[in-house]
Structure formats: C-alpha cells, structure tokens
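Peer 1: Sending over a structure as structure tokens; questions will come in a sec.
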Amino acid sequence: MRTEQRKTLVVFDEIHHGGDAKAWGDAIREAFGDASRRLGLTGTPFRSDDSPIPFVSYAPDGDGVLRSQADHTYGYAEALADGVVRPVVFLAYSGQARWRDSAGEEHEARLGEPLSAEQTARAWRTALDPAGEWMPAVITAADQRLRQLRAQVPDAGGMIIASDRTAARAYAGLLTKLTSEAPTVVLSDDPGSSSRIAEFASSTNRWLVAVRMVSEGVDVPRLSVGIYATSASTPLFFAQAVGRFVRSRRPGETASIFLPSVPSLLQLASELEAQRNHVLGKPHRESGDDPLTGDPATRTQTEPGETGFTALGADAELDQVIFDGSSFGTATPAGSDEEADYLGIPGLLDAEQMRALLHRRQDEQLQRRARLQHAAAQSGPAQPATTHGQLRELRRELNSLVAIAHHRTGRPHGWIHNELRRRCGGPPIAAATREQLKARIEALHQLNAEQL
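Below you can see the structure in the form of structure tokens.
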C-alpha cells in the first residue's frame, strides 16, 4: 500500500535471493512493483539455476542465452585496486590418490592431471578423507602459513570449510592433534552456531571449522587463511567461500586459501577477478565439457554402488600457487624446503609486491631444480618427463613468456593471459591441458611479433 500511495525508494540487499522460489519472486514484484525507485544490491549477481531475479534486466548475448545487465558494477578487481579487499593467493595441492571401488578393484590417480569426471571425483573425495595423509599435510601447511601471518597480524584466523558434520568433527580432531589447540566448530543447523561465530570473531583464537557457513551473513574480518575441504564446486558457493577471507582491515593484508588441485576449482581461482552475471537458458548448463557444470564429487557419492567406495589414502604435494590469474611454482612435496619458501611469504604485501615475490620464489626454485638436474645428468641418462612434469614445464614456460611480454609492453599479466585465451580458447592456465598450453606459447610468440 505504501508504494502505491507515496513516492518510495525500495532498497533490496542481496537481491539475487529474490529468485530463490517463484512464489517469493512473485511476492516481491507484487509488493514493490509500484515503487518510484528501486535499488538492488548484491555481492554475487548470479545464481546456479534459471530463476529470474526480480527487477533485474536481462539481454540476449551471442550464445543465445539471456544475461543479467547491471547498471553499475564494482567487483573484486576494482575493490582490490582501491584497497577495499585483500589480494588472495591460492595454494593448490595435488597428490597420488588410491581407492577401492564397490567391486573390490583398486584404482590410483593423481589430482591435477587430466582425468575423467569420475576419476577426478573419487581422487578428490580420497584427498579430503580425514583418515588419509592429504588432509593432515594440508592442515599442517595452512597452520604454518597462519603462524607466518600472525607474526605481523596477531589476531589473524583460519577456517576449514567442510562438506558435512562428520568431516568437520574429524578435521577438528586433526587440528587439535596437529596444532595442540582445539578449534571452534560451527555446524549450520546447530542452534548456537551464530553465537559461536560471533565469539570466534571477537577472539584471537586461531582456527574455525564450519559446514555451510559461507553465506553473506557470516562476517569474520580477521579470517586470513582458508582450507577449501569441500566437494562443492559451483561458482556461487566458491565466490561466497572466498568472500569470507577478502575483507581488508589494514594496508597490505593478504589472504591464503588452500584447495585441491581440481580443474573446476583451479578455473574458479584463476578467474577470481572476472565479473560474473546471471545467465538464463540451458546451454551453459548442458555442456559436458564445462568443468563448472554439476558437482562431480557430490554426484559420485550418490551413484548406485558407491556405498562400497573405500579411500585408501593420498599423499600431498604443493602443485602450484595461483595469484592474479597466473600460476607460479613447480610441484614440490608437502613438508619440503621449497614448500616452506611459499608458506613463509610475508603477510603484509600489496598486489605488486606479492607478484614480484612469487616470481622470485619461482626463479629460485627453478634454479635449484636446474642445478639438481645438471648434477643428475652427470651420473646417468635422464628419465622421460611424466605428464604432470610436462604440464609444470609448459606452465613455467608460458608464465616466463607472459612476464617478458608484460615488461616489454606494459600490459598487465591478466590482460595477456586473457588475450591468449581469446585467441586459443580453453580454461585458465592452471587448468589448461598440454596441447592448450603449447598453443598459447605459440600464440604468444605471434603476439610478441605483433607488438601486442
């Protein structure tokens, strides 16, 4: 009635929730359709379904779908430039995973290598198993990173995002054993969850373990280190999870997120600064080649016969470090000196300092590898590189060429990577195949000849 009788401005916070149900969206339109002005705000202007968001305009694009149109956007890239959010460093861990299926047959696969959706899902599930070796190794690394940050930011905190209650309690036990400090555990359906979050936010306690507590209402600005220990892989969930760690409180604060080296997550991490919109239409959800389609780890757990799945263990290896769309480092075992070099990066750095330091760490790592390879060559014939090793070398070569092009032209690293993807297609460098990396290296040689 008020909107009909008076000139009214209606402000919708997190307007994308207006598409949660048809009745809810219809009610919003009915109640506020007559308002003189409407202001819709959201930090995640997209959904994982085809429900239209009320009062949002959609326009067709070249793919034959409708895409939401914002009147004004202020995304992560702009906020990072203004110092409103922190730079985020992703530390992706691979590892050799072993499991037994319901027929009693044993399998082995490596996270980070090209695998089928089923293999990826089961290797991913094995890595997240609290009883295995992967999670303790990653928790140890993340806690080491948190200690490094707390040397400069004493109240910095960490959070493990778990898939379910059972895993959350098991991870809490691991944290207590490995760090000698019991974490705060928050389960989404527990009545005291909000008060425990508020208590943790105002304390200096180190670790929080949570299930499904990454929505807009969870606000703990001191969170600086995260472990993405869940099978959820939709862009919305990932964006909300990362959003728990990016709040800037002082200049130079950084965030570090540890995650499995899974193609869908690597692509999301590499595209953190990309502006996403809500898309209506089936094509973008039906492509079987899209690593963001579906949730293979969750889907595999519900398939018939999957009750006989048994995780046998997975070792952990720091596969790569992702920052500003670029991949740094070469694979190194958890607990190694090379891993410690990345975990020991200072906690107060701006984006340019972080990029320069990652390049320097990578150069030092490659120089050590070159000396070891030279010494090994003196003692015998070289062994052929594995697929995983070939991918590392190709990523390193491409990053080196991008850095050269950056210094020669002044173009940002991200612009050069995006131009290569425009010309060659495919996912970001962290998730690209051997053939895609080779094509981009060749394309970059052409770009250099064209003066970009």
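Numbering (the working numbering), first residue to last: 168 to 619. We put the beta carbon where it would ideally sit given N, CA and C, even for glycine.
How far does the beta strand (DSSP E) with residue 486 in it extend, from its first residue to its last?
Peer 2: 484 to 490
Peer 1: Out of curiosity, what's the CA-to-CA distance linking residue 266 and residue 193?
Peer 2: 48 Å
Peer 1: What is the DSSP secondary structure of residue 430, reduced to helix, strand or coil?
Peer 2: helix
Peer 1: Tell me where the beta strand (DSSP E) around residue 234 begins and ends.
Peer 2: 233 to 236
Peer 1: Hey, quick one: how far does the beta strand (DSSP E) through residue 257 stretch, first residue to last?
Peer 2: 255 to 267
Peer 1: Once you ignore the five residues that flank residue 490 on each side, which residues in its own chain have a CB closer than 8 Å to its CB?
Peer 2: 254, 255, 256, 257, 521, 522 and 525
Peer 1: Taking the C-alpha atoms as reference points, what is the distance between residue 259 and residue 426?
Peer 2: 5 Å
Peer 1: Are there 16 or more other CB atoms within 10 angstroms of the CB of residue 184, so buried, or fewer, so exposed?
Peer 2: Residue 184 should be labelled buried.
Peer 1: Unbroken alpha helix (DSSP H) runs of length 4 or more, entirely within the stretch 341 to 381: which are they?
Peer 2: For the stretch 341 to 381, the full-length alpha helix (DSSP H) segments reaching 4 residues or more read 360 to 368 along the chain.
Peer 1: Measure how close the beta-carbons of residue 316 and residue 323 come, nearest whole angstrom, since I'm counting them as under 8 Å.
Peer 2: 4 Å
Peer 1: Hey, how far is the Cα of residue 454 from the Cα of residue 405?
Peer 2: Any reading at residue 454 must be qualified, since the residue scores a pLDDT of 41, below 50, and its modelled position is unreliable; no value is offered.
Peer 1: Measure how close the beta-carbons of residue 611 and residue 587 come, nearest whole angstrom, since I'm counting them as under 8 Å.
Peer 2: 6 Å
Peer 1: Return the first residue and the last residue of the alpha helix (DSSP H) that residue 612 is part of.
Peer 2: Element bounds for residue 612: 601 to 616.
Peer 1: For residue 326 and residue 369, what's the separation of their Cα atoms in angstroms?
Peer 2: 15 Å
Peer 1: Can you name, in chain order, every residue of its own chain whose Cβ lies under 8 Å from the Cβ of residue 348, other than the five neighbours on each side?
Peer 2: 342, 372, 373 and 374
Peer 1: Considering only their Cβ atoms, is the gap separating residue 268 from residue 476 smaller than 8 Å?
Peer 2: With a cutoff of 8 Å on beta-carbon distance, residue 476 and residue 268 are scored as near each other.
Peer 1: Quick one: Cα of residue 304 to Cα of residue 483, how far?
Peer 2: 6 Å
Peer 1: From residue 201 to residue 221, what distance separates their C-alpha atoms?
Peer 2: 13 Å
Peer 1: Return yes when the Cβ of residue 481 is within less than 8 Å of the Cβ of residue 298, no when it is not.
Peer 2: no
Peer 1: How many Å lie between residue 467 and residue 378 at the Cα?
Peer 2: Bear in mind that the predicted position of residue 467 carries a pLDDT of just 35, short of 50, making it unreliable; the figure below should be weighed with that in mind. Each residue's Cα considered, the two are about 20 Å apart.
Peer 1: Identify the continuous beta strand (DSSP E) that holds residue 328 and give its terminal residues.
Peer 2: 324 to 329
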